[in-house]
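Enquirer: Sharing a structure here in structure tokens format.
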Amino acid sequence: MNNILKGKRGIITGALDANSIAWKVAQRCHQEGATFTLTNAPIAMRMGEIKKLADETGAEIIPADATNVDELTTLFSKSMEVLGGKIDFVLHSIGMSPNIRKNRPYNDLDYNFYQKTLDVSALSLHKMMSVAWKLDAMNDWGSVVALTYIAAQRVYPFYTDMAEAKAMLESVTRSFGYHYGKKNKVRLNTISQSPTMTTAGSGIAGFETFFGFANELSPLGNASADACADYCVSLFSDLTRYVTMQNLFHDGGYSNTGISNEIMEKFGK
Ligand SMILES: NC(=O)c1ccc[n+]([C@@H]2O[C@H](COP(=O)([O-])OP(=O)(O)OC[C@H]3O[C@@H](n4cnc5c(N)ncnc54)[C@H](O)[C@@H]3O)[C@@H](O)[C@H]2O)c1
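Now the structure itself:
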């Protein structure tokens, strides 16, 4: 490895188990010389395996519900204390829709669930950035990456209210990217990732069919969680310092492909 994150301090959210994209990001950041804290919702900690990852990467675990500003304040304050200085990078890898969990169709969403979806999956980024701003917790030229999905731009019927959550997440990224860029040259980007076999991904109805479709449409095939981790490392590094306020597709070319020969053949039968 090249130690391209040597000396950098981070906060990594969302590592639930070894399939989580955040899990791979933590492993790659560790390989590249970063130090970081790991965090997840307290409930996920009780079910989760995060301790194994913490032992492997020498990270401290600081539980925080990403919808709770007080807990996020503790997360940022304690992270600075534990890591010995301000934060250079943050991974927002958080998504959850109670409507999807309960199989509510788009024309009959539960609105309390809907608000929960938006709060957990999108407002949480605003809350994290606002807390970091008030604590002056980010170093100049820091980098924040949030994970999103192309359903923010195009209709994927099974994604229901998560589509709006991702659209909001991408908008918060642009808006906070402006303000934090002006204040501390902190950059914010979203990575729009291919379908990936994780707990959040495979909780979506028909996910496996869709995974196969995307894989056959993309000239390079679906991007894996490991490849996503590599991309995150590049965005946390100093090699991408002028990339900000962008939604970056990491999808093997899927988003710019109309149809592939493989799919033509299937429908030509
Ligand atoms: N898997 C995919 O196909 C795919 C594709 C594109 C984008 N994404 C996005 O990647 C991100 C990570 O998801 P993943 O696929 O690794 O699945 P995952 O289930 O492993 O991760 C989702 C995480 O969100 C955490 N979370 C939920 N509610 C929370 C709360 N209130 N406070 C703090 N954390 C909370 C969960 O505990 C879990 O660790 C999500 O934003 C997801 O939408 C996933």
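Residue numbers (numbering that gives the first Met the number 0): 0 to 268.
For glycine and all other residues, C-beta sits at the position ideal for the given N, C-alpha and C.
Would you check if there are 3 or more beta carbon pairs closer than 8 Å linking the stretch 170-188 to the stretch 231-247?
Expert: Result yes; three or more Cβ-Cβ pairs closer than 8 Å.
Enquirer: Roughly how many angstroms lie between the CA atoms of glutamine 192 and threonine 172, to the nearest whole one?
Expert: 16 Å
Enquirer: Note down the Cα distance separating asparagine 1 from serine 120, rounded to an integer number of angstroms.
Expert: For asparagine 1 and serine 120, the distance between alpha carbons rounds to 33 Å.
Enquirer: Return the Cβ separation of tryptophan 22 and alanine 14 in integer angstroms, given the expectation that the two are a contact with Cβ distance under 8 Å.
Expert: Confirmed, about 4 Å.
Enquirer: Could you name the residues that DSSP lists as bridge partners for valine 89?
Expert: Per DSSP, Ile10, Val143.
Enquirer: Kindly indicate if chain D contains any beta-carbon less than 7 Å away from that of tyrosine 177.
Expert: Annotation note: the requested chain D is absent from the structure, which comprises a single protein chain.
Enquirer: Is it the case that the Cβ atoms of alanine 150 and alanine 162 are separated by a distance below 7 Å?
Expert: yes
Enquirer: Short check: CB of serine 129 to CB of threonine 116, under 7 Å?
Expert: no
Enquirer: Kindly list the residues whose CB is nearer than 8 Å to the CB of threonine 36, restricted to its own chain and excluding five residues on each side of it in sequence; keep chain order.
Expert: Gly9, Ile10, Ile11, Ala58, Glu59, Ile60, Ile61, Leu74, Lys77, Ser78, Val81, Leu82
Enquirer: Tell me, which residues are paired with glutamine 245 by DSSP?
Expert: Asn188
Enquirer: Ignore the nearest five residues each way along the sequence and tell me which others in glycine 252's own chain have a CB closer than 6 Å to its CB.
Expert: Ser217, Pro218, Leu219
Enquirer: Exposed or buried, serine 154, counting other C-beta atoms within 10 Å across all chains shown (16 or more means buried)?
Expert: It should be noted that the sequence gives valine, not serine, for residue 154. Exposed.
Enquirer: Let me know the beta strand (DSSP E) ranges lying completely inside the stretch 12-40, each 3 residues or longer, listed in chain order.
Expert: 34-38
Enquirer: Beta-carbon separation of phenylalanine 157 and alanine 213 under 7 Å?
Expert: No, the pair does not count as a contact, with Cβ atoms beyond the cut-off.
Enquirer: Consult DSSP for isoleucine 42 and reduce its assignment to one of helix, strand or coil.
Expert: Isoleucine 42: helix per DSSP, three-state reduction.
Enquirer: Roughly how many whole angstroms lie between the Cα atoms of aspartate 16 and tryptophan 140?
Expert: 30 Å
Enquirer: Measure from the alpha carbon of methionine 244 to the alpha carbon of each residue in Phe206, Gly202, Ile258, Ser170, then state which is nearest.
Expert: Ser170
Enquirer: CB of valine 171 to nearest heavy atom of ligand 1: below 6 Å?
Expert: no
Enquirer: For methionine 127, which of helix, strand or coil comes out of DSSP?
Expert: helix
Enquirer: Spatial neighbours of isoleucine 20 within its chain, please: C-beta separation below 8 Å, excluding the five flanking residues on both sides.
Expert: In the same chain as isoleucine 20, and ignoring 5 residues on each side of it, the C-beta atoms closer than 8 Å to its own belong to Gly13, Ser92, Leu146, Gln192, Thr195, Thr197, Ala224, Cys227, Ala228, in chain order.
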